[in-house]
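Reviewing the structure listed below.
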Amino acid sequence: MLHVYHVLKLVTVILFIEVAGERPRISESALERDQDVSAGTNDLRSFARPQPPFSHGISNAIRIRLQGIRVQGKERCPQWPALRSVLAKLGIKNPTPRLTRVKWSGCDVKAIRLSGHKAINGTLDHEIGKLKALCELNLGDTEVAGDVRHLKGLSKLQKLYLYNTNVGGDLASLQNLTQLELLSLLKTNCAGELASLQSLTQLWLLNLGNTHIAGDLASLQRLTQLWSLHLPNTHVSGDLASLQGLTKLGQLDLHNTNVAGDLASLQRLTKLLELFLHDNNVAGDLASLQGLTLLQSLSLYNTKVAGDLSSMQRLTQLQGLYLDNTDVVGDLVSLQGLTQVNNLDLRNTSVAGDLTALLPWNHVTDINLEQTQVTGRLGSEWRGRWSKLRSLKLSGSQVEFLPWPGELVQLQSSVWTPLHAQFSARAILPQLNLLQLNGCPLNGDVSELLQPLCGSPALATIEAAGCRLSGTLTNLRPEDVVVDGVLFSKWRPLLGKSLKVLNLATNNITEIKGIPASLQVLILAENSALNFADGVLKEALATGTFLDLQNVALSNTTEAAELLREGFIVKTEQVSSMSTEGGYRCHSILSTSLQVSPEKFLPQELCRCSAGFEGTGAHCRKCGPNTFSEGNGSKCTPCPEGTIAGEGEATCKCTSGGKFSPDQSPACQCHAEHGLTNLRGAGNETETCAPCHDTHLRCPVSGMLLTSAPPEIGFARLRNNDTAALRCLPPWDTRCNSTDSNGSTHFGCASGYGGVLCSDCEARHYLTKGICEPCPTGDFTQQIWSMAAVAGGIGLLAVMVLTYVWSRFWGANSTAEMPSEAAPFSAVGAFKDQMKQVAPMLLQTCQLWAVLAALKSKGGHGSSDSWEIPFIEASQLSVDSLEGAVNLQCALNDGAAVRLASALAAPVAPIAVLLCCLAMEICCHGFGVASALKALTLFYVGGASAASKLLRCQEVDGEKGSLPPELPGPSDVLIV
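If you use mature numbering (1 follows the signal peptide of the UniProt record, and there is no 0), the sequence shown corresponds to residues -21 to -1, 1 to 955, in order.
Encoded structure:
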């Protein structure tokens, strides 16, 4: 018997271990330990099946031996290699059969449960298709990726959870999994048509929300076992009538799809607990749902549903009712019996009734009746009601909320609830956190709003913008309070500790005597005028309370101005706002806790009138016609003569179209690259701005006149105040360059040049090779000695000529009668005789060469800058050459007079020589004529060239343009 007893005991232990293996559990600590599977320090082997406590004398050695036999058996199973590959690909390092999240049945893998483990970040492997006996695959809420096509061979699969993963693929891969009962692909990358699932008739849970699924609801008509159907945020379409045969449905979520239809199609779905059809094209009457008495959540907002609230009276199990933005009507009293409701949203409907009809709802936490016709006021009946209410949104409704005057006295004296256990059950809204009354017709004093709520210890936000409130805001100071006959002396309101945000914008609040100490945000925007008690504004800024005072004017700016002067408030350096109509520009406040409209907060300190306006601060008016203002508080000034201005102009406009500048004279100035043609008062009553380039003038800046603008390079003025420049004579870039002028740039001549079109040289300059060069510095002794040497040379030459003439004259007479003797032949003599005949022709050729070179240069066909030309010019033996040789222009310090004298003397000198020869002819017949002929050979070309220069008149400029016929003064004739 004892032996049988031990055998039975061993069998019991083995069965216990087997049962423990089939019901795996994992502790929270194990999940925490294995968050980093990929790191290699911890792996899913820690999910080992927990061991039951052994008793009845079974030793640890027997337990370990049995466990070892069990593990070794699984490793020999045919499915273990495939499972190991699947787990490894899923991201589990060194997987073993001991994983508690893998369920075995003998050697068959029945379930893989790895949901919620973010370290599972691998992919679905095709090896999973070898686990033919797999009934459950749960990888939900992991980082797994892959394609569902690897699952198409798992024909025994009953539960498939891949929600919140990166898995994708087509639903068609699952059409052969006919044993599926639960399918959740929520928030995956799967796509496909609903028709792929019509063969999965065993499904009772289908969740394809937030996927790329499409198709018609009619594809699901065969899935009569469905209890939970979730297809939100998909491309599914169809009519609700397709679902009327799914009578077992308890949950239906089709929100934000393309589904349409009438609510009447759902009348047969009497087992529905949750119905979410919001954001669809669904229509119908609420009366169609009055038979769905088990409904706990009903969401039809943003649909075309209509009907009366009275149709909801039978739905007593409702906990959430969302009918906002529908055509629902009715009275709140119809919902009085729905005491299980915890969330109610009827905003933007035509619902009416008194708010107090819902006071019996003891479980309600959120009520939203914005933009409805609901009314109601606080009263003593509110005590002890809505004890769980956290959010009450009534903005835009007709709720007056403030208690009646008689009720207010009662509430002020006996309703505040201090921190005392005996009164907590009768407090007013003890859990309320948010109260929104924006736009409600409160029509009372702000104290009537705050005082009844002083006993609400959780109220953090009160929004009452645009409620026509008035009066004074205080800091909820301690007061003596009587609650149910009990006096509490100097009781500090609980609201003063809990209130964080108070929005009183767009009201008629007139004074701020104090700010509750706990308040973090106080919005007072759009209150017409406010007076802050002394120190309140500074204290609020010091504590960091956010103040919104936009479009609020301070009744007393003394404290704010003092804070600005002390640097407690700092204005921006740049203008931050401006008003076109008001005509002012303002700086703002550099603060993260203070928002103001500077034109109302501190207009005198922060604002100035804009250009075209005059005044102080933000009180500005437009300048009248023909007046202007440059802004910054300046007054309107009449426009100068010749300018006009419209109303509210920042500057006057020149009638000539130029640029107006009141700080310069004349006031009208042309823009850059343009010049004014005539000055006011110069005999011409019209002023015009013309492009400077068209007249060869340079106007790099605005405000230039054509009569004074410097000419362009290569151009010069003929006369003073000319409005145009002409092309200079070559070399024009050297003669006419106003940028290279040491003196006035008015005519456009380069340094050292002057006269008409810069054709002459100025003082201290001499002309050489057609260019004016500066005279050498120092004394002119050398030049004087040169002049003396030349004069001596000329005298010596004259003596030699006279001696020669005298000897020839007297010698001829003495030897006339002597017989001639034949001279012997000599090569030198023959050469001399030949040179006497050829030399004059060569000399004239050189002289003509110089003349032709000069004509070519002045004709613009070339240049005479060849090195030999100056030497050849000297062969002309003219007075010009003599003047250049001794440089009389610099020696006499009057280059113009010297050049004029030399020009006049040049043609006279050859004539003087001929007269001398004529005198010689009288004395010596025949000899004077021969000498004259020889003199003409030497001096004719040079003299003729000088004479032609003297007589030639320059009638064109450098571009062959005609010069004006009238040139005043002696400058009519140009000496070139």
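In this text, a Cβ means the ideal position worked out from N, Cα and C, and glycines have one as well.
Using a 10 Å radius around the Cβ and a threshold of 16 neighbouring Cβ atoms, would you call residue i buried or exposed?
i: L297; result: buried
i: D527; result: buried
i: V65; result: buried
i: H904; result: exposed
i: H653; result: buried
i: L894; result: exposed
i: C86; result: exposed
i: C751; result: buried
i: Q430; result: buried
i: R698; result: exposed
i: M557; result: exposed
i: I901; result: exposed
i: L680; result: Contrary to the premise, residue 680 reads as Val rather than Leu in this sequence. Classification for V680: exposed.
With residue i as the anchor, note down where its beta strand (DSSP E) starts and where it stops.
i: W83; result: V81 to S84
i: Q230; result: Q230 to D232
i: G299; result: G299 to Y301
i: S570; result: From DSSP, S570 is part of no beta strand (DSSP E); its letter is neither H nor E.
i: R362; result: Careful: R362 lies outside any beta strand (DSSP E) and carries neither H nor E.
i: V88; result: D87 to R92
i: V284; result: K283 to D287
i: I488; result: N487 to I491
i: H653; result: H653 to L655
i: E172; result: N168 to E172
i: F255; result: E253 to F255
i: K372; result: S370 to K372
i: I346; result: D345 to N347
i: L208; result: S207 to H209
Check whether the Cβ atoms of residue i and residue j lie closer than 8 Å to each other.
i: G612; j: C588; result: yes
i: G562; j: F592; result: yes
i: T674; j: C647; result: no
i: L373; j: L314; result: no
i: G423; j: L455; result: no
i: R63; j: R80; result: no
i: V215; j: N237; result: yes
i: S572; j: L498; result: no
i: L274; j: V330; result: no
i: T318; j: T282; result: no
i: S207; j: G229; result: yes
For residue i, write down the residues that DSSP places opposite it in a beta bridge.
i: P690; result: L676
i: D513; result: DSSP, once it has assigned bridges, lists no residue as partnering D513.
i: A239; result: D218 and N260
i: V500; result: V480 and F525
i: P384; result: DSSP, once it has assigned bridges, lists no residue as partnering P384.
i: K632; result: I623
i: R293; result: Paired residue(s): none; R293 is not in a bridge.
What residue does the alpha helix (DSSP H) around residue i start on, and which one ends it?
i: K68; result: W59 to L69
i: V425; result: V425 to L429
i: F580; result: P577 to F580
i: L438; result: Unbroken run through L438: none, as it is neither H nor E.
i: A539; result: T537 to R544
i: T713; result: W711 to R714
By the three-class DSSP mapping on this structure, what secondary structure does residue i have?
i: I99; result: coil
i: R706; result: strand
i: H598; result: strand
i: P604; result: coil
i: L277; result: strand
i: P889; result: helix
i: A197; result: helix
i: N506; result: coil
i: L337; result: helix
i: R356; result: strand
i: E106; result: helix
i: Q319; result: coil
So does residue i have its beta carbon nearer than 7 Å to some heavy atom of the ligand SAH?
i: Q154; result: Only the bare structure without any ligand can be found here, which leaves the ligand SAH out of the picture.
Counting only beta-carbon separations shorter than 8 Å, does residue i have a partner in chain D?
i: L432; result: This model lacks chain D altogether, as it is built from one protein chain only.
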